[in-house]
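Worksheet: the structure to be examined is printed underneath.
Numbering (the working numbering), first residue to last: 1153 to 1245.
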């Protein structure tokens, strides 16, 4: 199998704020699974906060987690998805 045929790792994005224990917990789970993630720190607001609000309508808390553009939700949503065995398939594991 060539590199071009190899499955690509999922794009995992997480919007966080400094000092948020739920953000740390969600990141720890993803890192434990060996996932590379893109983190957007929205502590100071700005365009990334506006982007999060647009991508996750009605959700104003952090973290907000996306896998390949699909909204997973917050930390509790991520943990529940993992507990029922739904996270690993999304991560290609």
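By construction, the Cβ of each residue, glycine as well, lies at the ideal position given by its N, Cα and C atoms.
Predicted model only: the values in this text are computed from it and were never measured.
Three-state secondary structure assigned by DSSP to residue i
| i | result |
| --- | --- |
| residue 1201 | helix |
| residue 1181 | helix |
| residue 1222 | strand |
| residue 1161 | coil |
Any C-beta of chain B under 7 Å from that of residue i
| i | result |
| --- | --- |
| residue 1244 | This model lacks chain B altogether, as it is built from one protein chain only. |
Continuous alpha helix (DSSP H) stretch holding residue i: start and end
| i | result |
| --- | --- |
| residue 1242 | 1239 to 1242 |
| residue 1227 | 1227 to 1235 |
Residue interval of the beta strand (DSSP E) (run including residue i)
| i | result |
| --- | --- |
| residue 1193 | 1189 to 1193 |
Presumed contact (8 Å Cβ cut-off) between residue i and residue j, rounded CB distance
| i | j | result |
| --- | --- | --- |
| residue 1243 | residue 1159 | With 8 Å as the limit, residue 1243 and residue 1159 do not qualify as a contact, their Cβ atoms being about 11 Å apart. |
Sequence-distant residues of the same chain with beta carbon closer than 8 Å to residue i, five excluded per side
| i | result |
| --- | --- |
| residue 1212 | 1205 |
Own chain partners of residue i with C-beta closer than 6 Å, once the 5 adjacent residues on each side are dropped
| i | result |
| --- | --- |
| residue 1214 | 1167, 1168, 1169, 1172 and 1175 |
| residue 1219 | 1162, 1164 and 1242 |
In DSSP terms, what residue i is bridged to
| i | result |
| --- | --- |
| residue 1216 | 1167 |
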